[in-house]
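Have a look at the structure below, then the notes.
In the numbering used here, the protein residues as written are 10 to 216.
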């Protein structure tokens, strides 16, 4: 049987001594010192700069994508237009079948002819106010010519629509009115009266 080892009261045991030696030999674990305010600002600025750079790259990528899409759309439109032009060239040409329209309407030609005849009546003589001698003969001739022009105009436009006949009648009224024909007032009075007598018959609706 092994003899019992006794230790003095104030003497530490070997296990305790070993534990203390290990504590002395192990390096103390220290925390890193905190960042200074200057370092913190620099870190924050670097983070912000990186964020801005990322946003710029993202915008550049989106702009490039949009540019490419627009370019493809333009090329597609050009291709479609080119195909349409080629198809139009290949299609046989169809001749125009629309009849050429006269620049002057029948009413316009009629009124131009009427104005020409009326103008010819006013040439060569000034006022006619008396019924004696040559003046009476001239008045009769003027009256006959006015009546002939009036009757020819009414007959030529008798089959036109009512709206056209109204225009013709108003033009005749204006041209034959005595106040418009001071140089042959008496002849104009006679022609104007006969024109008014024809108004109801001339402007009657054709059934």
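All C-beta atoms, glycine included, are put in the ideal place defined by N, C-alpha and C.
Below 8 Å on the Cβ atoms is my guess for residue 200 versus residue 156; work out the distance and round it to an integer in Å. For this step, residue 200 is matched to residue 191 along the chain shown. For this step, residue 156 is matched to residue 147 along the chain shown. Correct: roughly 5 Å between the Cβ atoms.
Where does the unbroken alpha helix (DSSP H) through residue 85 begin, and where does it stop? Within the chain shown, numbered from 1, the residue matching residue 85 stands at position 76. Start and end: 46 to 99.
So, with DSSP's three-state summary, where would you put residue 213? Start at 1 with the first residue of the chain shown, and residue 213 comes out as number 204. Reduced to three states, the DSSP call for residue 213 is coil.
The stretch 144 to 152 / the stretch 160 to 180 touching (three or more Cβ pairs under 8 Å): no
Would you please state the rounded distance, in angstroms, between the beta carbons of residue 212 and residue 174? I believe it to be under 8 Å. Within the chain shown, numbered from 1, the residue matching residue 212 stands at position 203. Within the chain shown, numbered from 1, the residue matching residue 174 stands at position 165. Confirmed, about 6 Å.
Measuring CB to CB, does residue 204 end up less than 7 Å from residue 159? Taking the first residue of the chain shown as 1, we reach residue 204 at position 195. Taking the first residue of the chain shown as 1, we reach residue 159 at position 150. Their beta carbons are under 7 Å apart, which means residue 204 touches residue 159 by this criterion.
Along the alpha helix (DSSP H) that carries residue 172, what are the first and last residues, could you check? Here the question's residue 172 lines up with position 163 in the chain shown. First-last of the alpha helix (DSSP H) with residue 172: 171 to 185.
Can you tell me whether residue 77 is buried or exposed? The criterion is at least 16 other CB atoms within 10 Å of its CB, across all chains shown. Within the chain shown, numbered from 1, the residue matching residue 77 stands at position 68. Under this definition residue 77 is an exposed residue.
With hydrogens ignored, establish whether the beta-carbon of residue 44 is closer than 6 Å to any heavy atom of the ligand MG. With respect to the ligand MG, the structure shown offers nothing to examine, as it has no ligands at all.
Where the alpha helix (DSSP H) containing residue 203 begins and where it ends: Residue 203 sits at position 194 when you count from the first residue of the chain shown. Per DSSP, residue 203 belongs to the alpha helix (DSSP H) from 194 to 206.
Cβ-based burial, residue 153 [other Cβ within 10 Å; buried from 16]: Taking the first residue of the chain shown as 1, we reach residue 153 at position 144. Result: exposed.
Thinking just about the alpha-carbon of each residue, which of 149, 161, 83, 210 is nearest to the one in residue 221? What is shown of the chain runs 10 to 216, which leaves residue 221 out entirely.
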